[in-house]
Each structure stands twice: as structure tokens, then as C-alpha cells.
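Number of protein chains: 2
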Amino acid sequence: MISRRLSRFLVESRWEDVPAAVRHAATRSILNVVGTALGGSADAALRRSETVLARFSGPPEATVVGRPGRVDCMTAAYLNALAGNVFDFDDTHPGTIIHPSAPVAPALFAWAERQPITGAELLHAFVLGTEVECRLGNAVSPWHYARGWHITATCGVFGAAAAVARRLGLDEQRMLWALGNASAQSSGLVETLGTMAKSTGVGHAARGGILAALLAEAGVEGPEAPIEGPRGFLRVMGSDADAAGVAAGLGESWEIARNECKPYPCGVVLNPVIDACLDLRAECPLAPDAIAAIVVSGHPLLRQRADRPGVTTGREAQVSAQHAVAVALIDGRAGVAEFTDRRVASDDVRRLGALVTVAEEADVPVEAARLVITMRSGERIERFVPAARGSARRPLSDAELEAKFRILAAHGCPGFDPEPLIAALWSLESAPQAAAVIGLARHG
Amino acid sequence: MISRRLSRFLVESRWEDVPAAVRHAATRSILNVVGTALGGSADAALRRSETVLARFSGPPEATVVGRPGRVDCMTAAYLNALAGNVFDFDDTHPGTIIHPSAPVAPALFAWAERQPITGAELLHAFVLGTEVECRLGNAVSPWHYARGWHITATCGVFGAAAAVARRLGLDEQRMLWALGNASAQSSGLVETLGTMAKSTGVGHAARGGILAALLAEAGVEGPEAPIEGPRGFLRVMGSDADAAGVAAGLGESWEIARNECKPYPCGVVLNPVIDACLDLRAECPLAPDAIAAIVVSGHPLLRQRADRPGVTTGREAQVSAQHAVAVALIDGRAGVAEFTDRRVASDDVRRLGALVTVAEEADVPVEAARLVITMRSGERIERFVPAARGSARRPLSDAELEAKFRILAAHGCPGFDPEPLIAALWSLESAPQAAAVIGLARHG
Numbered sequence: 002m003i004s005r006r007l008s009r010f011l012v013e014s015r016w017e018d019v020p021a022a023v024r025h026a027a028t029r030s031i032l033n034v035v036g037t038a039l040g041g042s043a044d045a046a047l048r049r050s051e052t053v054l055a056r057f058s059g060p061p062e063a064t065v066v067g068r069p070g071r072v073d074c075m076t077a078a079y080l081n082a083l084a085g086n087v088f089d090f091d092d093t094h095p096g097t098i099i100h101p102s103a104p105v106a107p108a109l110f111a112w113a114e115r116q117p118i119t120g121a122e123l124l125h126a127f128v129l130g131t132e133v134e135c136r137l138g139n140a141v142s143p144w145h146y147a148r149g150w151h152i153t154a155t156c157g158v159f160g161a162a163a164a165v166a167r168r169l170g171l172d173e174q175r176m177l178w179a180l181g182n183a184s185a186q187s188s189g190l191v192e193t194l195g196t197m198a199k200s201t202g203v204g205h206a207a208r209g210g211i212l213a214a215l216l217a218e219a220g221v222e223g224p225e226a227p228i229e230g231p232r233g234f235l236r237v238m239g240s241d242a243d244a245a246g247v248a249a250g251l252g253e254s255w256e257i258a259r260n261e262c263k264p265y266p267c268g269v270v271l272n273p274v275i276d277a278c279l280d281l282r283a284e285c286p287l288a289p290d291a292i293a294a295i296v297v298s299g300h301p302l303l304r305q306r307a308d309r310p311g312v313t314t315g316r317e318a319q320v321s322a323q324h325a326v327a328v329a330l331i332d333g334r335a336g337v338a339e340f341t342d343r344r345v346a347s348d349d350v351r352r353l354g355a356l357v358t359v360a361e362e363a364d365v366p367v368e369a370a371r372l373v374i375t376m377r378s379g380e381r382i383e384r385f386v387p388a389a390r391g392s393a394r395r396p397l398s399d400a401e402l403e404a405k406f407r408i409l410a411a412h413g414c415p416g417f418d419p420e421p422l423i424a425a426l427w428s429l430e431s432a433p434q435a436a437a438v439i440g441l442a443r444h445g
Numbered sequence: 002m003i004s005r006r007l008s009r010f011l012v013e014s015r016w017e018d019v020p021a022a023v024r025h026a027a028t029r030s031i032l033n034v035v036g037t038a039l040g041g042s043a044d045a046a047l048r049r050s051e052t053v054l055a056r057f058s059g060p061p062e063a064t065v066v067g068r069p070g071r072v073d074c075m076t077a078a079y080l081n082a083l084a085g086n087v088f089d090f091d092d093t094h095p096g097t098i099i100h101p102s103a104p105v106a107p108a109l110f111a112w113a114e115r116q117p118i119t120g121a122e123l124l125h126a127f128v129l130g131t132e133v134e135c136r137l138g139n140a141v142s143p144w145h146y147a148r149g150w151h152i153t154a155t156c157g158v159f160g161a162a163a164a165v166a167r168r169l170g171l172d173e174q175r176m177l178w179a180l181g182n183a184s185a186q187s188s189g190l191v192e193t194l195g196t197m198a199k200s201t202g203v204g205h206a207a208r209g210g211i212l213a214a215l216l217a218e219a220g221v222e223g224p225e226a227p228i229e230g231p232r233g234f235l236r237v238m239g240s241d242a243d244a245a246g247v248a249a250g251l252g253e254s255w256e257i258a259r260n261e262c263k264p265y266p267c268g269v270v271l272n273p274v275i276d277a278c279l280d281l282r283a284e285c286p287l288a289p290d291a292i293a294a295i296v297v298s299g300h301p302l303l304r305q306r307a308d309r310p311g312v313t314t315g316r317e318a319q320v321s322a323q324h325a326v327a328v329a330l331i332d333g334r335a336g337v338a339e340f341t342d343r344r345v346a347s348d349d350v351r352r353l354g355a356l357v358t359v360a361e362e363a364d365v366p367v368e369a370a371r372l373v374i375t376m377r378s379g380e381r382i383e384r385f386v387p388a389a390r391g392s393a394r395r396p397l398s399d400a401e402l403e404a405k406f407r408i409l410a411a412h413g414c415p416g417f418d419p420e421p422l423i424a425a426l427w428s429l430e431s432a433p434q435a436a437a438v439i440g441l442a443r444h445g
């Protein structure tokens, strides 16, 4: 009865029961993902996908962040989710490493431009959608990602479906069908990471969520137990999944409150590694030619996801410890400009990156990492970062989030004034029309 | 290099190298699936999905089989694939139990209405698409379906992508990206079987295939090894998959030649069971009240997929041995009319179905089954069917396929004259415009 209990919760949840801290965490997550979508709006993956999808768009009704035109709401959801996740600079749910906002917030904003809702209604649906998404992720982690599932896409479609279904006002039965229709679309392979196809998977999740909800509203029926059934999500895409946890304590704890916003535009496992490099460089810049070897070590996920030597594109570099270490030590920065194709191709970065190896330390948490540099002189320099910037113990401040937003806007949309949008996003909860807020993200 | 070898084959294959028998098998499969789509065009799953998707359709350009309007080609592909598979009456690839045509042929016909192609070009792309789809299915069977993957949807998206990519004339690299973009969308859970969500999964596969090909054409890049990579399709969605088999003997054998068309609108495992019931009834009708117990037994898949007592809808009845046995013994028929909600709800069928149990016989092939009826008198009647109608050893004749087409058209589209469409489909290979053929399927 887990799917049904979850459905009932999604239908019955009241905004007034969502604590203020959760609301603020949701607002921060949304601000962050609109920023990353602005930053991604110039990316080739977005532009090429837009070219294709615009030819098949229905009535123009919804904003593509950072772009001038409008497309139908399912297409807008797809494109904004893609753009929001394309740099891997969006928010991260610890433990699952889901990027919760990219599939859910764009689906809701796009829907809001079709059917008016308030900012508070959007926020509430967002909190509910990310709750479903992250709880499913919790239940199948860590096996799911290790097996090769791109968890942001596979769980994201459920989150987007739940969020939009809530805004449609579906009853419990139809909410259950929305989850069932989402289950039929849950997809995304880790093999696509480092390529544009990864980002399209997140787009599919957002679009698929709207579709799942609309199909359910129209009476397209799904199974009774899409989540816990014998051939449902948890059993097929998980192994010994924690089914009971999916529906335990609903309304008492909120996953979005645990969500983290990244300081660097790359895989979250690299954050403590970059911190260590930047800290070290700030204290004592090392001449790259004087370095003999670099070992980074940490939680097994660090090696599994980011031991990627010899990358050739900015996209691959986002999940390359070799590139991240080299560029952070040389440039003393790790922003969008340090993860471009051009920076990846530089001789200095490639030479230093070739000296980096990645090791596992079973008992180091995922937000921590160790950096050991051996100099040609034989000197050994070590840095251990117990908790990366952006992690639960060191969250970015609201001001830091705003600063990140401005950098992303400048990168993706030169000439765009982000201030009205930033202000509107901070006061989303009191906005009479969510559509008016996202409309401020149009540009050009 | 399997993904790349497959891509090269898809790009280089020549129609003149495809044997006549393979071409005829492809034509039969297409005729069959257009027929099942006509039959499904009145189904609520189709009508409700059409209501939703038509609101988001781009330019009207493509036929929805059995329906009056036009929608954009991606939407048409979705709806026709859904309709083609909704009754489980479409073709079946033995061994994998993929329904190969439903995701692939609708994608191609829809595309043909956007960009003119000949009938032979469509047939060639269809042969290639089903080849990819079924070879992937072979590689992951039987684990994949047993795990809970709806193989028609999961493999179908690759087939549709390959087929449309071939028609777009993509080069080897872009063909590889098309497969990569398909891999990001491969989805479909067995849990949805018996519900409308199953059919939407097949729709997603067809639409997703077109999208994957168009994204690749536009330069949306995918991974180098979406099929055989460490986190690619075979490893994530298979277990000890036969990777080498995917690209072995390409162009020498053709999976579509092994494809089978069903005599009954239900799960293919039920075919020999229904044969046994109909044979028996033709010889000696039994009074249902005189029956004490019925045991059907066969290949383990029979029990795993179709031991489904107490069904309440026609859709569930399609995968219920209990319903199939009861209705075949009572009515002496097993057509579309015998798998409706109304027939399922009848007291006589429910009473007799309650006497049916399903057992496994490890050494019985999937096209065979045994029926043992124990009468209240103690008499025991046994029938063994070694090869069901529609199986490789007893294929439906072309005339039987035509008859099936007419029944389906009459069911789904009362008043529609199917003869021009049947004639056009038989001569598809020489059609100057494939679009003109599918245009004959418009109705109302």
C-alpha cells in the first residue's frame, strides 16, 4: 500500500503544515536551479534540443529560461530541466546525489504558465514533488546509481508527476495513476554522463512528469502498486530497496530541507577536492612543474564517479577529478569558465591532470576528501577537508547563492539584468502569479 | 565497439541485400500492426491519451490510425504505437516476446508524413529498426523480462530510433548518438501490464525513437558505447547479457523473418491454451457445470505471465489463463469481443475461470501447452498442443492475416472500408509515397 499511502499524502498535504525552514530551503533550491538554467541556456545541448523540439511545439505559452521565444509547457519543462542540469551546477540531495530541482521546478513553472497558480502553490507542489523523488532515491540507494541508473532522471519523473498532479488537484486514485504513468517512463543511464544525452534524460523526466499527470487526469489508468509491486520501480530498479521508508514519517521530515547547493559547476563528489586545492593554493601557490604526483582520496563514490583522466570536453571535465584538481591548483578558481572545452584543452591543465590518481577511503564521508601532493623535491603536502563548502555543515549563504546566480546569468545570458528575477524568486511564496516570476527569465 | 558496429551496419545496409522472404515478413508485420492499431483506435487508453496529447501537438501532419484528425508526427507515432499494442494482438518475436512492430512502424509512418519516403524506404528502415530492437532483446533475454522490464518498450525505443535515423540519412557517428539518445529513454515496467499505462509505455518508445534520431541529427551527442558500455543498456538492464550476439552476423540473418502474428488478442503464451480449448470444444462441447477442475500447464512463462485469477477488466483478461480458458470453452471463440470488460464480468465466465489453475512444465516449449479437465464424474480429458496457431510451425496465412485485419477494423472503426488500405499495405514495397498508404487509415 506504499504507492497508495504516498498518493494520499500528496493529495492531503497542506501548505500551512510545511515549516518555514522547509519553505525557505525550497525557495533556495528554486532560485539556484533557475540560475543554473540561465547559465545553461547558451549551451549547445540546450540550443540543439530547442531547435528540434520547437518544430513540434504546441501553442506557445511557456518561457524557456534565458531565451526569447515561448513553447508549449511540456517542451518548456524539457528544455529548462535540461538547461538547469547541463553544467551539474544544480542542487544535490546528499546520500542519493539526486539533483532534485531540475526535473520538478521546470515542470511546475511551465505548468504555471498554462494554468495560473500562486507562488505558494508552486512551492508547495515543489516540496511534495521533491519529497517523492528523494524518498524513492533513498529507497534504492546506493545500489541504483552504482548499477548504472542516472538517479536524477529515473526518480525525477516521479517527482515531476507528483508535483504537477498535485497542482491539477487530482484525487488519490488519479494521483496513484500519475505515479504509475511516471513509472512507465522512468529511465536514464549513467553511461550517458559526460555527454549531452545525460541532459536530455533530465528533460525527459520533467516533460514525462507533466504527461504522466495529465494522462492520469484524463483517466489513463496505472497499476495499483507502481512503486512497491512485484515488478514495480523498487524491485526492478532497486535491490533490497527500503520500501517501508518511502512512506514512513511523511509530513514529519522533508527531504528538500537536506538539499545542498553547490559552489562549483561539477559533480558534487569533487567539491571537497576542489576546496582542498583552493585552500592549499591560497596558502602557498605551488609551481605545477615542481609537482611529481597528486593523490586524491575519499568516499568510494569519488573514485567511482570522477576518476576520469584524459577528458577532452568541458562536459566530461565536470566529472573528472584529474581536471578539477589541475584547474583549481593552477587557476585558483573553479567556476563555469574553468570547465569549458577550451580550458580542458590547455596544455598546462592536461599536464598537471596527468599526475592525478584517485583512491578510495572506505570510512571517509562523501562530503570529505584528502589531497596528497608529492613534490619533485620529495616534500609531501597533505590537506584533509572534512566537509566541503555547500555541504550540510557549510551551506552556501543566501548571499552566496545570489552571487552564484549572477555569475551564471552573466555566463549564459550576457546583457541580462538578473536583479528583478532574483528579487521575485526570493519572494516567490507571496507571488500572486508564479507565471509572472518565471516570465522574468525570458531574454533576448 | 558493438554500438559502433551496429551503427555502421544501420548506415550501410542496402535494400537490395534484404531477401524477398524478409521483405514479405516485414510487410506482413506492418499489415498486422496497422490492423491492430485500427482495432485499438476506439479503446479508452487511446482516446484519453489523444485528448491530452492533441492539446500539445505541433503542426498537424500525420495520421492517427482510425481517427479523423492529424497531429504532429511525434504525437502520431505515440498514439499509433499505443493503439497497435493496446489489445496485445500485435506481432510477437519468439524468445524475447517483444512486439516488434508497434514502436517501429508507427514512428516510420508518422515520419513519412512529414518527409516523403517511398514504401520500400519505409520497409527497409522497418527491417533495420526491428533488427536492432530484437537483437537487443535477444541479448538480455530471458533475464530482462523476468526482472520486470516491459521489453517491447525498453527495446522498442532503440528500434524506432534506428529506423528513423536511417531515414534521416544520419552518418555512423550520428547513428551512434541516436542509439545513445534512445538509451537515455529506455523504460517500461511489467508492473504496468494489465493497465493502460502499459500501452503508454509503447507510445513513449515510438515517440522517443523519433526524438532520439532528431536530436542526433541536430548534434546532441551521446556516449560511445550506449549498448555495451559499463553503465550502458546491456549491463544495467541485463545480466550476463550476450553482448557479442548483438552485432554478430548482421545482414546474414533477419529477426523480422522470425516474427509471428497472433490469432488471439491476448498474451502470446495463451495461444496454445486457447487452441486446446477451441479444439476440444469443437470436438465435444462440455457443460461448464459438469467440470470439476481445469489445469493448464506449459513453459514457465505461461504461469509467470498469465496465472491471473479474478480479473475484472478486459485488459487484465488479456494476460489471464483463467479468463482465456473459460471464455474459449464457453463461447468457442477468442476474439476481441471475448476480451471486453463486459465478457469478463459475466457470471458464467467467472465461475468457470475460478476452476482453472496454472502449472509449469519445465521442458515444454513456449508455443506448446497442455490442458487437463477433470469432470465432476471423475472423467479426465487431456489435450496437448505442441505448436500453437500463429507460431513458427503454424503461421497464419496471408489470407488469415487479412481476415484478422477486417475483424479488427470492424471492431475499432465501424463503417470503415478496410479494403483499399489492405491492398495498399500488401503493395507497400512498390508504393511511391508511404504517406499515401497510411493516409488511407484515416477515418471519421
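Respectively, the protein sequence lines represent chains A and B.
Residue numbering for the first sequence follows the working numbering, starting at 2 and increasing by one per position.
Residue numbering for the second sequence follows the working numbering, starting at 2 and increasing by one per position.
We put the beta carbon where it would ideally sit given N, CA and C, even for glycine.
Per-residue contacts from residue i into chain A (C-beta, under 8 angstroms)
i: T100 (chain B); result: Per the sequence shown, the amino acid found at residue 100 (chain B) is His instead of Thr. What H100 (chain B) touches in chain A: nothing, since even the nearest Cβ is about 15 angstroms away.
i: A45 (chain B); result: G220
i: R49 (chain B); result: L216, A219, G220, V221
Exposure label - residue i; buried when at least 16 CB within 10 Å
i: M197 (chain A); result: buried
i: M2 (chain B); result: exposed
i: Q116 (chain A); result: exposed
i: R232 (chain B); result: buried
i: D91 (chain A); result: buried
i: C285 (chain A); result: exposed
i: W144 (chain B); result: exposed
i: D348 (chain B); result: exposed
Proximal residues of chain B, C-beta to C-beta of residue i below 9 angstroms
i: W150 (chain A); result: R232, V237
Enclosing alpha helix (DSSP H) for residue i [first to last residue]
i: E401 (chain A); result: 399-413
i: A226 (chain B); result: Counting along the chain, A226 (chain B) falls outside any alpha helix (DSSP H), and DSSP gives it neither H nor E.
i: F159 (chain A); result: 152-169
i: A38 (chain B); result: 21-41
i: S200 (chain B); result: 197-218
i: V337 (chain B); result: Per DSSP, V337 (chain B) belongs to no alpha helix (DSSP H) and is neither H nor E.
Enclosing beta strand (DSSP E) for residue i [first to last residue]
i: E361 (chain A); result: 357-361
i: A370 (chain B); result: 370-376
i: E284 (chain A); result: Per DSSP, E284 (chain A) belongs to no beta strand (DSSP E); it is in the alpha helix (DSSP H), 272-284.
i: R5 (chain B); result: First-last for R5 (chain B): 3-13, but that is the alpha helix (DSSP H), not the beta strand (DSSP E).
i: A329 (chain A); result: Element bounds for A329 (chain A): not the beta strand (DSSP E) but the alpha helix (DSSP H), 322-332.
i: S102 (chain A); result: Premise fails: S102 (chain A) lies in the alpha helix (DSSP H), 102-113, not in any beta strand (DSSP E).
i: G354 (chain A); result: Counting along the chain, G354 (chain A) falls outside any beta strand (DSSP E), though it belongs to the alpha helix (DSSP H) covering 348-354.
i: E383 (chain B); result: 381-386
Proximal chain B residues relative to residue i, where beta-carbon distance stays under 7 angstroms
i: P224 (chain A); result: E192, T193, T196, A198
i: T313 (chain A); result: Ordered by position in chain B, no residue passes the 7 angstroms Cβ test against T313 (chain A), which lies about 12 angstroms from the chain.
i: G202 (chain A); result: A185
i: R56 (chain A); result: G59
i: P387 (chain A); result: Those within 7 angstroms of P387 (chain A) in chain B number zero; the least Cβ separation is about 30 angstroms.
Chain B contact residues for residue i, given Cβ-Cβ distances below 8 angstroms
i: H205 (chain A); result: A185, Q186, G209
i: E227 (chain A); result: Rather than Glu, the amino acid found at residue 227 (chain A) in this sequence is Pro. Result: L190, E192, T193, A198.
Partners in chain A for residue i, counting only beta-carbon separations shorter than 9 angstroms
i: V53 (chain B); result: L212, L215, L216, E218, A219, V221
Near the ligand GTP: residue i beta-carbon under 7 angstroms from a heavy atom
i: V203 (chain A); result: With respect to small molecules bound, the structure shown includes none, and the ligand GTP cannot be examined in it.
Residues that residue i contacts on chain A, provided the C-beta gap is smaller than 7 angstroms
i: G120 (chain B); result: Residues of chain A passing the Cβ test: none, with the nearest at roughly 25 angstroms.
Exercise. Does the segment 78-94 of chain A come within contact of the segment 231-245 of chain A, defined as at least 3 CB pairs closer than 8 angstroms?
Worked result: no
Problem set entry | Residues of the segment 242-276 of chain A whose Cβ lies closer than 8 angstroms to any Cβ of chain B, in chain order | none
Problem set entry | the segment 383-397 of chain B contacting the segment 250-264 of chain B, beta-carbon criterion three pairs below 8 angstroms | yes
Exercise. Are at least three pairs of beta-carbons, each pair with one atom in the segment 353-361 of chain A and one in the segment 316-326 of chain A, less than 8 angstroms apart?
Worked result: Here the segment 353-361 of chain A makes contact with the segment 316-326 of chain A; the two share three or more CB pairs at distances below 8 angstroms.
For this session: For the segment 358-376 of chain B and the segment 298-309 of chain B, state whether three or more C-beta atom pairs, one from each stretch, are separated by less than 8 angstroms.
Result: Yes: at least three Cβ pairs fall under 8 angstroms.
Exercise. At a Cβ cut of 7 angstroms, what residues of the segment 64-97 of chain B count as close to chain A, listed as they run along the chain?
Worked result: Per Cβ criterion, the list reads D73, M75.
For this session: Determine, using beta-carbon pairs with one atom in the segment 183-196 of chain B and one in the segment 25-36 of chain B, whether at least three such pairs fall under 8 angstroms.
Result: no
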